[in-house]
Structure formats: C-alpha cells, structure tokens
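Colleague: What follows is a single structure, and I will ask about it in a moment.
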Amino acid sequence: SQQGEEDPQALSIQEGENATMNCSYKTSINNLQWYRQNSGRGLVHLILIRSNEREKHSGRLRVTLDTSKKSSSLLITASRAADTASYFCATDAGASGSRLTFGEGTQLTVNP
Amino acid sequence: DTAVSQTPKYLVTQMGNDKSIKCEQNLGHDTMYWYKQDSKKFLKIMFSYNNKELIINETVPNRFSPKSPDKAHLNLHINSLELGDSAVYFCASSSRGHQGGNTIYFGEGSWLTVV
Chain A
2 SQQGEEDPQA LSIQEGENAT MNCSYKTSIN NLQWYRQNSG RGLVHLILIR
52 SNEREKHSGR LRVTLDTSKK SSSLLITASR AADTASYFCA TDAGASGSRL
102 TFGEGTQLTV NP
Chain B
33 DTAVSQTPKY LVTQMGNDKS IKCEQNLGHD TMYWYKQDSK KFLKIMFSYN
83 NKELIINETV PNRFSPKSPD KAHLNLHINS LELGDSAVYF CASSSRGHQG
133 GNTIYFGEGS WLTVV
C-alpha cells in the first residue's frame, strides 16, 4: 500500500498566514523529502530531512520529522499567493536509495 | 537550460494505437525514472534505470516498455493504448547518493489522453 499519507488533502489560507501540512508513513526510512507541484507542471524538490534529523529549515520552510511517530510536517511561514500548489511528501526507504514513494499530496491555496 | 525534458507535452490518441514519450536529462545523473500521475494526483513509480540497466519495474502492463539508449535518455513506449492509460507521465532523474539522499529532478510531464 502507499507509503505516505498527507493531511489535510486541501488547505485554503490568506496571504501572510502560515500553512502546515502533515505526512505520515508506515515503514522505516532513510530520509523524507517534500516536493511542490504547481498546476500543470512537474514536481520540484523543496527540502530533504534525514532520519537522524528532527528539524530542518530552508527560507520560509520548516520541516520536522518524528521517526517514533512516523510523521513529518511542512510549515510554510508568511505564505504568498505564489505558494499555491500541491505539496507532496516522499519517503526513501530503500537501501540503494533509488526509490521514492510519494504521498497523496496536499493542495494549498493561498488567497491574496 | 532544461534539466529534464520530455516530449511531447500533450498527446491525444485513439485506443489501440502505439505511442512513445521521449525523455532526456542534461544533469549528468546516472538514474532515470518514469512516474505515472493519475487524475487524483497520485504519483506512482513505473520504472527506474541506472546506467542503462533496469533496476525497478513495478507492476506495469507489458504494453509499457522503457528503453534507455544511454544514461541520459529514457524513452517510454506504450503499445495498444487503453482508456485507463490516460494520465500524466513524468520522467525524472537523480544521482545516487546526492546530498546523502536521492533527490529527484522531474520533467514537466506528458499529458496522455486516450480516446
């Protein structure tokens, strides 16, 4: 079955607000990654967090990882209309690191 | 300077036809992938090649045949297209061990519609 499950499925906020998306997974992982997909485009890598890390920052993004709960969250601070997109978590569980399993995604809408 | 490019972007074809989608990456990566994204945006890996060698082959009908002439190219050929093949197909590439993880670079997708 699918590795990652994301919640909420859809999130609508106002510009300037923070957006939090959650991801849960089922098996042990080497790392977890977050990707963004704008409408009609390919996925773009945002941030990677390793299994031995608990928190990571990149610009307005903050990712946390709780391996005991098998969950991760992506926080986007001070959101902008341009952040409107689908956000996917992806888990890397293979020893060879050659396979990523994607969650179902969260559709984020940031209203101006 | 497109990193992963795939063609065509849009493809409308009739059931029973055979079609190909081409993919090229100029990132110097040694691993390439094909992913399928359905109407609910669920993204699932189909194939993975490393240095022209098939390393992942998920449960995909035999009508789908990937071909990798060199490590910069991974084409997808689909025989006898069916309505259920309608989806967005993404080509992607990565370098093993990049940043200690497997960051994947995606193409822009090929929208396949079978009528």
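Chains A and B, in that order, give the protein sequences. With the first letter of the first sequence counted as 1, position 69 gets the number 70 in this note's numbering; the numbers rise by one all the way through. With the first letter of the second sequence counted as 1, position 10 gets the number 42 in this note's numbering; the numbers rise by one all the way through. Note that CB positions come from ideal geometry on N, CA and C, so glycine has one too.
1) Does the beta carbon of glutamine 15/A come closer than 9 Å to any beta carbon on chain B?
2) Flag serine 87/A as yes if its beta-carbon sits less than 9 Å from any beta-carbon of chain B, otherwise no.
3) Is the Cβ-Cβ distance between glutamate 18/A and serine 80/A less than 9 Å?
4) At a cut of 8 Å, does the segment 44-56 of chain B reach the segment 108-116 of chain B through at least three beta carbon pairs?
5) With distances taken from CA atoms, which of Phe96/B, Ser112/B and Tyr81/B is nearest aspartate 102/B?
6) Grab the span of the beta strand (DSSP E) containing arginine 100/A for me, first residue to last.
7) Within 9 Å (strictly less), CB to CB, does valine 45/A reach chain B?
8) Could you work out which residue in Ser69/A, Lys57/A and Gln15/A is closest to tryptophan 35/A when comparing CA atoms only?
9) What three-state label does DSSP hand aspartate 62/B in the structure shown?
10) Extract the residue ranges of the beta strand (DSSP E) inside the segment 42-86 of chain A, only unbroken runs of 3 or more that lie entirely within it.
11) Of all the CB atoms in chain B, is at least one closer than 9 Å to the CB of alanine 91/A?
12) Excluding the 5 residues flanking phenylalanine 138/B on each side, which residues of the same chain have their C-beta closer than 7 Å to its C-beta?
13) Assuming phenylalanine 122/B is part of the beta strand (DSSP E), what are its boundary residues?
14) What does the Cβ neighbour count give for asparagine 134/B, buried or exposed, with the cut at 16 atoms within 10 Å?
15) If distances are taken between C-alpha atoms only, which option among Ala11/A, Phe103/A and Thr78/A comes closest to isoleucine 77/B?
16) Rounded to the nearest angstrom, what separates lysine 51/B and arginine 63/A at their Cα positions?
17) Quick one: is lysine 68/B buried, meaning 16 or more other Cβ sit within 10 Å of its Cβ, or exposed?
18) Beta-carbon of tyrosine 26/A versus every beta-carbon of chain D: anything under 9 Å?
19) To which residues does DSSP link serine 80/B through a beta bridge?
20) Residues of the segment 76-88 of chain B in Cβ contact with chain A at a cutoff of 8 Å, in chain order, please.
21) Use the C-beta contact count for leucine 86/B: other C-beta atoms within 10 angstroms, 16 or more gives buried, fewer gives exposed.
22) Please list, in chain order, all residues of the same chain as methionine 22/A whose beta carbon is under 6 Å from its beta carbon, the five residues on each side excluded.
23) Using the beta-carbon of each residue, which ones in chain B are nearer than 8 Å to arginine 42/A?
24) Any idea which residues DSSP pairs glutamine 46/B with across the strands?
Modeller: This is what the structure gives:
1) No - not a single Cβ of chain B is within 9 Å of the one on glutamine 15/A.
2) Yes, serine 87/A lies at the interface with chain B (some Cβ there is under 9 Å from its Cβ).
3) Here glutamate 18/A is near serine 80/A, since their CB atoms are less than 9 Å apart.
4) These segments touch.
5) The option with the nearest alpha carbon to aspartate 102/B is Tyr81/B.
6) For arginine 100/A, there is no enclosing beta strand (DSSP E), as DSSP gives it neither H nor E.
7) At a cut-off of 9 Å between beta carbons, valine 45/A contacts chain B.
8) Of Ser69/A, Lys57/A and Gln15/A, the residue nearest in Cα terms is Lys57/A.
9) Here aspartate 62/B sits in coil by DSSP.
10) Look at the segment 42-86 of chain A and you find these whole runs of beta strand (DSSP E), each 3 residues long or longer: 44-51, 56-59, 62-67 and 72-77.
11) Output row for alanine 91/A: interface = yes.
12) These residues qualify, in order along the chain: Val36, Phe122 and Ala124.
13) 119-126 is the extent of the beta strand (DSSP E) around phenylalanine 122/B.
14) Classification of asparagine 134/B: buried, given that the 10 Å Cβ count is 16 or more.
15) Measuring from the Cα of isoleucine 77/B, the nearest candidate turns out to be Phe103/A.
16) Between lysine 51/B and arginine 63/A, the C-alpha separation is close to 42 Å.
17) By the neighbour-count rule (16 or more Cβ atoms within 10 Å), lysine 68/B is buried.
18) The structure shown has no chain D; the protein chains it does contain are A and B.
19) DSSP output for serine 80/B lists Tyr65/B and Ile88/B as bridge partner(s).
20) Within the segment 76-88 of chain B, the qualifying residues are Lys76, Ile77, Ser80, Asn82, Ile87 and Ile88.
21) The residue in question, leucine 86/B, is exposed, as its Cβ has fewer than 16 Cβ neighbours within 10 Å.
22) These residues qualify, in order along the chain: Leu75, Tyr88 and Thr107.
23) Within chain B, the C-beta atoms nearer than 8 Å to that of arginine 42/A come from Glu140 and Gly141, in chain order.
24) DSSP lists no partner for glutamine 46/B.
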